[in-house]
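Visitor:
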Amino acid sequence: MLRSRDKAIIVSSIVFLILSLLDATLTLWGLRHGAIEEVNPAMRWLIEENTITFMIVKLSIPVMLGFVLWEIRDRSRKFVACSLWLVLVVYSVVMMLHGYWIVY
1075 MLRSRDKAII VSSIVFLILS LLDATLTLWG LRHGAIEEVN PAMRWLIEEN
1125 TITFMIVKLS IPVMLGFVLW EIRDRSRKFV ACSLWLVLVV YSVVMMLHGY
1175 WIVY
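When we follow the working numbering, the leftmost residue of the sequence shown carries the number 1075, and every step to the right adds one.
1) State the DSSP-derived secondary structure class of residue 1117, mapped to helix, strand or coil.
2) Per the contact definition of three or more C-beta pairs closer than 8 Å, is the stretch 1088-1106 in contact with the stretch 1128-1146?
3) Can you list, in chain order, the residues of its chain with a C-beta nearer than 8 Å to that of residue 1083? Leave out the 5 residues immediately preceding and following it.
4) Given a threshold of 16 other Cβ atoms within 10 Å of its Cβ, counted over all protein chains shown, does residue 1101 qualify as buried or as exposed?
5) Confirm, please, whether the CB-CB distance from residue 1128 to residue 1117 is below 8 Å.
Next comes the structure, spelled out in structure tokens:
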């Protein structure tokens, strides 16, 4: 049976994956319509090279982070919890920025 903190890692990782997918999709949509510019130089380069590669990298990051945090969950509980909160806060801000440019 999973402990509550294990469930939190799983749920947070899934939320991170969904937010990352939404971010990537909205970014490509915004770029296609001239509404935004990608500010991250690495992601901008990936988009310019190949949008499929961009999507693969964008979705691989939350999966890899989830696996790493899962593996270290018993050794570094506080680090895992802080990492998950930081990621979710950052992506929430990114989603607010997407919401802003979509509306305005």
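Even glycine gets a Cβ: it sits at the ideal position worked out from N, Cα and C. Only a predicted model underlies this, so the values are computations on that prediction, with no experimental measurement involved.
Guide: Working from what's here:
1) Position 43 of the sequence shown, counted from the first residue, corresponds to residue 1117. Here residue 1117 sits in helix by DSSP.
2) yes
3) Here residue 1083 refers to the residue found at position 9 of the sequence shown. These residues qualify, in order along the chain: 1140, 1143, 1144, 1147, 1154 and 1158.
4) Indexing the sequence shown from 1 puts residue 1101 at position 27. Buried: at least 16 other Cβ atoms inside 10 Å.
5) The residue you call residue 1117 lines up with position 43 of the sequence shown. The residue you call residue 1128 lines up with position 54 of the sequence shown. Between residue 1117 and residue 1128, the gap from beta carbon to beta carbon is short of 8 Å.
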